[in-house]
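Q: Residue numbers (the numbering used here): 1037 to 1201.
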């Protein structure tokens, strides 16, 4: 009987340790997601608060100099379609110096922006664009692709007008 009680106590202690480890791990991961670690001055590690969306009046628009015209992905058994896209990129202008520097980057890299968007459009069918929420989905996809390519949270919005033929 004493062996059974001892074994039961050991099992309960092990379960409590396991539950504690799971809770601690979950809290650690959650805190890292909400407060990512970034390098500060002098190699000091600081936690950055998640970015908040700037007010609409603080968003500066970088307008692409040319429309983007390309073929869409042909759906099986479907017709070929061409799309023309007019696009502006919303840049967080709350820090004027950072926004000016990023505008210069966008101006120098405008062909890269056009290539990213063209590649995305060529993977899209006419059915995906003409859905009720098709333009919204396309806008979100372009925003995510640009943020990833430029590794910048200064890109906060994408504004598009789409015509298809």
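In this text, a Cβ means the ideal position worked out from N, Cα and C, and glycines have one as well.
Is residue 1196 closer than 7 Å to residue 1121 when the C-beta atoms are compared?
A: Taking 7 Å as the Cβ cut-off, residue 1121 and residue 1196 qualify as a contacting pair.
Q: For residue 1130 and residue 1047, I'd like the C-alpha separation in whole angstroms.
A: About 57 Å.
Q: Am I right that residue 1111 and residue 1161 are in contact with their C-beta atoms under 8 Å? What's the rounded C-beta distance?
A: Confirmed, Cβ separation roughly 5 Å.
Q: I'd like to know if the region 1141-1149 and the region 1089-1103 are in contact, where contact means that at least 3 CB-CB pairs between them fall below 8 Å.
A: With a cut-off of 8 Å, the region 1089-1103 and the region 1141-1149 count as touching, because enough Cβ pairs lie within range.
Q: Suppose only complete runs of 4+ residues qualify. What are the alpha helix (DSSP H) ranges in the region 1095-1152, listed by chain order?
A: DSSP runs (the alpha helix (DSSP H)) wholly in the region 1095-1152: 1132-1144.
Q: Can you find the residues in the same chain that come closer than 8 Å, C-beta to C-beta, to residue 1159, ignoring five residues on each side of it along the sequence?
A: Excluding residues within five positions, the ones whose Cβ falls inside 8 Å are 1109.
Q: Grab me the residues of residue 1089's own chain with a C-beta within less than 8 Å of its C-beta, minus the 5 sequence neighbours each way, in chain order.
A: Correct list, in chain order: 1192.
Q: With C-beta atoms as the reference, is residue 1185 less than 7 Å away from residue 1141?
A: No, Cβ-Cβ distance for residue 1185 and residue 1141 is not below 7 Å.
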